[in-house]
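Visitor: Quick note on numbering: our numbering labels position 168 of the sequence shown as 171, and the sequence is numbered without any gaps.
Quick reminder that beta carbons are idealized off the backbone N, C-alpha and C, glycines included.
Everything numeric in this text was worked out from a predicted model, so none of it was measured.
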Amino acid sequence: MSTLFFILFLLSLIAIPVALIKPGLVRASSRPKALLVTVVSTLVFLILFAITAPEPVGELAEEEQEENEVEENVEIEDEVEEVEEAEEEEEIEEPAEEEAPAEEQEEVVEETESETLSQQNAVAMARDYLAYTAFSKSGLIDQLKFEGFDDDDATYAVNQINVDWREQAVIMAQDYLDYTSFSRSGLIQQLEFEGFSTEDATYAVDEIGL
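1) Can you tell me the Cα-Cα spacing of L147 and E197, whole angstroms?
2) Could you check where the alpha helix (DSSP H) with I174 kicks off and where it finishes?
3) In terms of residue numbering, what span does the alpha helix (DSSP H) encompassing T205 cover?
4) On the CB-based measure, 16 or more other CB atoms within 10 Å of its CB, does A53 come out buried or exposed?
5) Just checking my contact of V126 with Q163 at CB under 8 Å: how many whole Å lie between their CB atoms?
6) Could you say which of T119, E85 and E92 lies nearest to D156 if we only look at CA atoms?
7) Over the uninterrupted alpha helix (DSSP H) stretch that includes E195, give me the two end residues.
8) Which of the three DSSP states is assigned to L13 in this structure?
9) In terms of residues, what are the limits of the alpha helix (DSSP H) holding A137?
10) Taking D178 as the reference, give the member of S121, Q193, V47 and D131 with the closest Cα.
11) Tell me whether Y159 is buried or exposed, calling it buried when 16 or more other Cβ atoms sit within 10 Å of its Cβ.
12) Rounded to a whole number of angstroms, what is the C-alpha to C-alpha distance between V73 and V43?
13) Please report the distance separating the alpha-carbon of R187 from that of V208.
14) Quick one: grab the DSSP three-state call for I164.
15) Check each candidate in L13, I144 and E150 and name the one with the smallest Cα separation from I50.
16) What does the alpha-carbon distance come out to for the pair Y132 and L143?
17) Would you kindly work out how many angstroms separate the C-alpha atoms of V86 and N71, rounded to a whole number?
18) Using a Cβ-Cβ cutoff of less than 8 Å, which residues in the same chain neighbour R130 once the five nearest sequence positions on both sides are dropped?
19) Here's a check: name, in chain order, each residue in its chain whose Cβ is nearer than 6 Å to the Cβ of S139, leaving out the five neighbours to either side.
20) Whose CA, out of T55, L180, T183 and A176, lies closest to the CA of T201?
Structure (structure tokens):
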């Protein structure tokens, strides 16, 4: 469209001297009127051409660059906000994680403070016995009672230590076989006599391959 107006503008320029020579070509009765018509036409076409002319490439590039910079700034601000939010969440979670061990330590301290001296000694002796040889749960309680602890302290001590009683049955079964020979049923009965359940005794015999 701008090209068309530019051509018309050029033609109107050419028409100015022509109109002065032959006013009838622009349908004017005199030269002044012909000059007025052609000058007005030239100005109109010039204005239309200026309006419809495309913007310079440099200006368009600058506008695009400004738009891109604005978009990049917005993206950077969004990323900064996300990072700040993530850091705030981590700061909130860290105190919670730090509080958990503190609470556990408090529980351990409370349990230790609530133990009587007799219970503490019973727990220590139960650990010493298990470090030396295998026991069933009831067998270890009986052993502590034999050492002079009452039933409550002995039971408390055995409940306080973390023991895999089934693994204890396996260890005892192997110890018996290292000492003497047993049939499968005889070894199961011996383990039951030591205080292990039939299930744990059978498991132990299966584990050692008897």
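Guide: A quick look at the data gives this:
1) 15 Å
2) W168 to Y182
3) T201 to E210
4) exposed
5) 5 Å
6) T119
7) R187 to F196
8) helix
9) It is not in any alpha helix (DSSP H) - A137 carries neither H nor E in the DSSP assignment.
10) Q193
11) buried
12) 44 Å
13) 7 Å
14) coil
15) L13
16) 8 Å
17) 22 Å
18) I164
19) E197, G198 and F199
20) A176
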